[in-house]
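Peer 1: The structure under discussion is supplied below as structure tokens; questions concerning it will follow.
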């Protein structure tokens, strides 16, 4: 039975599986699991064995993410002459979104990122860029993995495993480097926007407050709130009467001209522009971190501005992606009409909104009838106010994972996707999300279990 990457010795995996049942009670009674259960009841099942990858693969993940940042920066500088507003026009951003891009930048645009990655054997593929401050899951996975490492099943193997992540320390170090006042107790606020949760039929994620607790444990004066809870003027931003020093952005601009939050958003833009508050991850990351940018990194209309070696490396780790439009393009070295080719290659493709999330409105060609595929594709190409993408299908690896479900050991087939937490350009955490659901298709954002990666070997 395959538990982890083929590069990890089979006898290691077999030994872990044999010991899984014996370690279940110790895992469930771990103080780390108790801490997670106290924070949320979201996870009905948790993986009993850790996400093990060869050390070489972990290093490759960091390298591939760094190549991604390099390629995105070069596309902006060379194809759009460094003009972020010009790039935004090409990607059809709304006038409201333009306002955030005009804030004078204070920090590097990729200071916080969490690309989504599919790993199949030695192949590392980036499928989402995610350049925002959504760091909550990193602490969650580490709690699960600490409990896994305490379990008796792993005792004979601990000398072969390295769990190098300490997200609390890494996040605190990065934030204090960017905003030195945080070392002296200045207030950091994780800010969200409830409008987005209402429109997407979700509740406010529990992990915002969980991350606040993690940061407080390492000495950061942290809090969380919605944008509407802030008191904003040109010279100061406060929360409950206390001045806010820095904001970690968990929100996007308001969704449309009729949004009741536009006035508050524009006030915040002005306050950040006046340096009344630090915005740690600015709105350039929202644009450059859009999945739409994967199209620019694989389209020969833009890759010509990249050094040949970089373009070649990116092509090996980013799936072929195109903006849906009536044009000619290159597929596997051949010039074709994009829409005509897509009509007849549905089994190779995924159709997705360029600014979407959580798998909403994603159409997987091989799971769709031909008439349904043509209808979806024609509808996407007819839209002028929203960018849609065609992307070559990359199937997540499926692993047989022992899990604890209602106190019982249950081995289930799970699709896996990894989240690479990049902070200041370095890999500071690697999370694996597992999904055993048959109703969520290939979307592994809705999980039944998470854990952070441990490295096998050096």
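Residue numbers (the numbering used here): 41 to 498. Glycine included, C-beta positions come from ideal geometry on N, C-alpha and C.
#1: According to DSSP, is residue 319 part of a helix, a strand, or is it coil?
#2: Report, in whole angstroms, the separation of the C-beta atoms of residue 143 and residue 215, which I expect to be a contact under 8 Å.
#3: If you check the beta carbons only, do residue 93 and residue 434 fall under 8 Å apart?
#4: In terms of alpha-carbon separation, which member of 98, 154, 147 and 79 lies closest to residue 202?
#5: Out of 319, 420 and 251, which has the shortest C-alpha to C-alpha gap to residue 267?
#6: The beta strand (DSSP E) that contains residue 375, what's its start and end?
#7: Identify every residue that forms a DSSP beta bridge with residue 265.
#8: What residue does the alpha helix (DSSP H) around residue 456 start on, and which one ends it?
#9: Quick one: Cα of residue 84 to Cα of residue 375, how far?
#10: Is residue 400 buried or exposed, if buried means 16 or more other CB atoms sit within 10 Å of its CB?
#11: Looking at the structure shown, is residue 252 part of a helix, part of a strand, or coil, going by DSSP?
#12: State the Cα-Cα distance for the pair residue 43 and residue 449, rounded to the nearest angstrom.
#13: How far does the beta strand (DSSP E) with residue 226 in it reach, from first residue to last?
#14: Measuring CB to CB, does residue 361 end up less than 8 Å from residue 335?
#15: Here's the rule I'm using: 16 or more other beta-carbon atoms within 10 Å means buried, otherwise exposed. How should residue 285 be labelled?
#16: So what's residue 387 in DSSP terms, helix, strand or just coil?
#17: Label residue 424 either buried or exposed according to how many other C-beta atoms from any shown protein chain fall within 10 Å of its C-beta, with 16 as the threshold for buried.
#18: Is the separation between the beta-carbon of residue 198 and that of residue 327 shorter than 8 Å?
#19: Ignore the nearest five residues each way along the sequence and tell me which others in residue 67's own chain have a CB closer than 7 Å to its CB.
#20: Smallest Cα separation from residue 160: which of 452, 438, 468 and 474?
#21: Just grab the DSSP bridge partners of residue 443 for me.
#22: How is residue 46 classed by DSSP in three states: helix, strand or coil?
#23: Enumerate, from N- to C-terminal direction, the unbroken alpha helix (DSSP H) stretches of 4 or more residues contained entirely within the region 114-172.
#24: Go through its chain and collect everything with a Cβ distance to residue 105's Cβ below 6 Å, but skip five positions before and after it.
#25: Taking only the alpha-carbon atoms, compute the straight-line gap between residue 469 and residue 392 and give it to the nearest angstrom.
#26: On the DSSP bridge assignment, give the partners of residue 313 in chain order.
#27: Would you call residue 163 buried or exposed, if buried means 16 or more other Cβ atoms sit within 10 Å of its Cβ?
#28: If you run the structure through DSSP and keep just helix, strand and coil, what is residue 211?
#29: Just the Cα atoms here: how many angstroms apart are residue 116 and residue 69?
#30: From the DSSP secondary-structure annotation, give me the bridge partner or partners of residue 496.
#31: Find the nearest neighbour of residue 373 within the set 339, 387, 357 and 383, judged by alpha-carbon distance.
#32: Nearest-angstrom Cα distance between residue 277 and residue 404?
#33: Within its chain, find whatever has a CB closer than 7 Å to the CB of residue 316; leave out the 5 residues flanking it on each side and keep chain order.
#34: Considering only C-alpha positions, which residue in the set 113, 291, 127 and 414 is nearest to residue 150?
#35: Between residue 147 and the rest of its own chain, which residues show a CB-CB distance below 6 Å, the 5 nearest in sequence each way excluded?
#36: Tell me the DSSP secondary structure of residue 474 in three-state form.
Peer 2: The answer reads as follows:
#1: Residue 319 sits in a strand when the DSSP states are folded into three classes.
#2: Actually they are not in contact, since the Cβ atoms of residue 143 and residue 215 sit about 19 Å apart, beyond 8 Å.
#3: The criterion of a C-beta distance shorter than 8 Å is not satisfied by residue 93 and residue 434.
#4: It is 98 whose Cα lies nearest to the Cα of residue 202.
#5: Per the Cα distances, 319.
#6: Counted as a single uninterrupted DSSP element, the beta strand (DSSP E) harbouring residue 375 occupies residues 374-377.
#7: Its beta-bridge partners are 231.
#8: Unbroken run through residue 456 is the beta strand (DSSP E), 448-463; no alpha helix (DSSP H).
#9: In a straight line, the C-alpha of residue 84 is about 49 Å away from that of residue 375.
#10: With fewer than 16 other Cβ atoms within 10 Å, it is exposed.
#11: DSSP places residue 252 in helix when its eight states are reduced to three.
#12: Low per-residue confidence applies at residue 43: pLDDT is 39, beneath 50, and the placement is therefore not dependable, though the value from the model is reported in the following sentence. Straight through space, the alpha carbons of residue 449 and residue 43 are spaced by roughly 15 Å.
#13: Segment: none, residue 226 is in no beta strand (DSSP E) and carries neither H nor E.
#14: Going by beta carbons, residue 361 and residue 335 fall inside the 8 Å limit.
#15: Around the C-beta of residue 285, 16 or more other C-beta atoms lie within 10 Å, and the residue is accordingly described as buried.
#16: Helix at residue 387.
#17: It counts as exposed.
#18: At the C-beta level, residue 198 and residue 327 stay beyond 8 Å of one another.
#19: These residues qualify, in order along the chain: 73, 88, 187, 188, 191 and 444.
#20: Among 452, 438, 468 and 474, the Cα nearest to that of residue 160 belongs to 438.
#21: DSSP lists 87 and 450 as partners of residue 443.
#22: Only weak support exists for where residue 46 lies, its pLDDT of 46 falling under 50; the value from the coordinates is given anyway. Coil, per DSSP.
#23: Entirely contained in the region 114-172, the alpha helix (DSSP H) runs reaching 4 residues are, in chain order, 124-130 and 135-141.
#24: The beta carbon of residue 105 is closer than 6 Å to those of 155, 460 and 462 in its chain, skipping five residues each way along the sequence.
#25: Cα to Cα, the separation comes out at about 27 Å.
#26: Its beta-bridge partners do not exist; DSSP assigns none.
#27: Counting C-beta atoms within 10 angstroms of its own C-beta, residue 163 has fewer than 16 neighbours from the protein chains shown and is therefore classed as exposed.
#28: In the structure shown, residue 211 adopts helical secondary structure according to DSSP, grouped into three states.
#29: Pairing residue 116 with residue 69, the inter-Cα distance amounts to about 50 Å.
#30: Looking at the DSSP assignment, residue 496 forms a beta bridge with 94 and 201.
#31: Nearest option by C-alpha distance: 339.
#32: If you take the alpha carbons of residue 277 and residue 404, they lie about 44 Å apart.
#33: Once the five neighbours on either side are set aside, the close Cβ partners of residue 316 are 274, 275, 276 and 277.
#34: The residue with the shortest Cα to Cα distance from residue 150 is 113.
#35: Around residue 147: 218.
#36: For residue 474, the three-state secondary structure derived from DSSP is strand.
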